[in-house]
Amino acid sequence: MALIRPAGTGPFPALVLMHQCSGLNAAVAAWARRAVAHGYVVLLVDSLRPRNVESVCFGPQSGVNFFRGARDALQAARHLRRRDYVDRNRVGLVGFSWGAMVGLLASSSHYIGALGFESGFAAVASFYPGCFRMIPNGRPPYDLVNLDITRPLLVLMGDADTETPASECLDRLEVLKRNGAPVDWHLYAGATHCWDCQQLNGFKKTDVRGHRVEYKFRQDVTEDSERRLFEFLSRAMPGRS
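In this note's numbering, the protein residues as written are 2 to 242.
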């Protein structure tokens, strides 16, 4: 894990960054650098390797599941709020794939309370999440997208993503919007899963649900998603005027 901050005394807005299912990588590190350049303190969270887990791409390992990830994220936010150089009212979460689904769960008022926290994030941004219902062995099913979202949520998706298809999110996001939840989203034409992962360009696999997946790095989509992300955060977590 790493805590990175801009030069100066602050107080600065802050972001918790949650990684993909295989852990921290160059793409997430690049987002940390972008965030610091935009004036944010960044806490990179690694939910896997400190627990001797290499990957949760094919399901939970050693107790690392979405709830554990959400607790890690909420604990990271609490840690940031204790820093005197952080504006405690402007702490957000940005998650990617697995971390994006953690972010969806951590947007639910019910789960924030159930995990033992009084407050969640001022804003959450989820890059290419899955929005499906989880059916764990021996436990009741649960949804990653819930109706009790009260803080701003941005979801960025690609319409060529076969690993976490955007079609599984759109109807649920529409329901949230109709119910007055502060959600926004954007669908990128031709973008696959992990469009910002330059180191994985051309990577192919069969995922946990049996889908054939190929990643294609898109510089244009990465740049546009950076613009959309930080415009969203500026609106959702405005500074003092």
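The beta carbon of each residue, even a glycine, is placed where N, CA and C say it ideally should be.
Computed from a prediction, not measured in an experiment: that's the story for all the values here.
Check	Outcome
Beta-carbon proximity of A33 to V43, cut-off 9 Å	yes
Counted within 10 angstroms of its Cβ, other Cβ atoms place R236 as buried (16 or more) or exposed	exposed
Same chain, Cβ closer than 8 Å to A77, neighbours up to 5 away in sequence not counted	V17, L44 and V46
A123 classed as buried or exposed, judged by whether at least 16 other C-beta atoms fall within 10 angstroms	buried
Contacts around G240, its chain only, beta-carbon distance under 6 Å, and the 5 residues preceding and following it disregarded	none
Contact with chain D by L16, beta-carbon distance below 9 Å	This model lacks chain D altogether, as it is built from one protein chain only.
Exposed unless 16 or more other CB atoms sit within 10 angstroms - verdict on F59	exposed
Three-way DSSP call (helix, strand, coil) for E175 in this model	helix
Distance, F68 Cα to S108 Cα	12 Å
From A38, R173 and A167, residue whose alpha carbon lies closest to that of D144	R173
Spatial distance of C132 from N138 (CA atoms)	19 Å
Residues of its chain near S226, where Cβ-Cβ distance is below 6 Å and the 5 sequence neighbours each way are ignored	L157
Residues sharing a beta bridge with A124, DSSP	G93
Alpha-carbon to alpha-carbon, L155 and F233	7 Å
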